[in-house]
Amino acid sequence: MFASRRCFVLILFCLLTVLSIGRANDDNYMREVIEEAQEYMEDEMADHDYLDRKRLEKEEELKQRQEQLKYDEQQLLAEQQRQENERIQREREAAFQAELQRMSEDKRKEAIRRKKQDGKVVRKVLKAAERGDHYGTLGIRNFELQFPSASLNFGKWSFRLPKLTLFRISSKVIRRAYRNMALLVHPDKNRDGRAVQAFVAVENAASILGDDDEREKYDAERLLLRKERTEAARALIGTSVSRVMTATNRSISTFRRVLGPFAFPVAIIGILIV
């Protein structure tokens, strides 16, 4: 549509030019024709820019609505899952209490003791899962170190060191850790009320770490997150130090301004007293 209007304007301009040949000496007339054509083109461009801007605004609004709907859906699913977990926990706790009533005193004490141990394992698993630590969920301490490839230059010679990974946890270790942790938190073995949640978390961690592609993606995300946290911590420390130095300089400046020539002797006396 915009292109057709442009063609129309150009044709109109050509016709007016041809008709005005006989009046070539009339500079004012030609200037008016050119100015009118330019104004028309500017108006067309402004309308076109306005339509583009409105289209982009609508696309952005639609994108925000879709993101909000996705977020609301995730929140709803999370709330439903939380309620389901609480229901299962209540049922398991009630079943355990009913079972205790049928036990003798010695067996009851032993069952309570074992349940406390089961609870410690479950809490450890769920805390690691909440942090997004799949290795910790399986009870693995991950000390893996990754060094990116680097180039070394020695005069005319140059070397490129390949990417180096130390303390890499093997797939065999992951499978063994998964089997052990799955036995510890299995709802049929573990008496804690949240054993089902812990078992699901262990299954999820094993499914990610057991797949080479998924594990590589997860490790890369964790490495990036660790770098961001380190940079944020450094920035926070730098800001704190800067604020302390600023406050200290202000205090010293005030001290000097108040005491004048006596500032240095008073400071020396204060240091000696302390």
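Going letter by letter, the sequence shown gives residues -24 to -1, 1 to 250 in mature numbering (1 follows the signal peptide of the UniProt record, and there is no 0). Where is the CB? At the ideal position from N, CA and C, for every residue including glycine. All values reported here derive from a predicted model rather than from experimental measurement.
Nearest by alpha-carbon distance to G95: which of Q65, D82, G112 and L121 is it?
Among Q65, D82, G112 and L121, the Cα nearest to that of G95 is on Q65.
Local Cβ density within 10 Å of T113, reported as buried at 16 or more and exposed below that
buried
Residue range of the unbroken beta strand (DSSP E) whose run includes L128
Per DSSP, the unbroken beta strand (DSSP E) holding L128 starts and ends at A126 to F130.
State the start and end residues of the unbroken alpha helix (DSSP H) segment that holds R84.
E81 to E106
Could you check the C-alpha separation between E106 and L53 for me, to the nearest Å?
16 angstroms
Give the range of the alpha helix (DSSP H) segment to which S134 is assigned.
No alpha helix (DSSP H) contains S134, which is instead part of the beta strand (DSSP E) from W133 to L137.
Mapping the DSSP letters down to three states, classify F123 as helix, strand or coil.
strand
Cut-off 8 angstroms between Cβ atoms - residues of its own chain near L199, not counting five sequence neighbours on either side:
Q122
Residue of R136, S146 and V101 minimising C-alpha distance to E120
S146
Using C-beta distances below 7 angstroms, list every residue in its chain close to V161, excluding the 5 sequence neighbours before and after it, in chain order.
The answer, listed in chain order, is V97, V98, V101, A171, A174, F175 and V178.
May I have the straight-line CA-CA distance separating R136 from E207, to the nearest angstrom?
Their Cα atoms are separated by approximately 27 angstroms.
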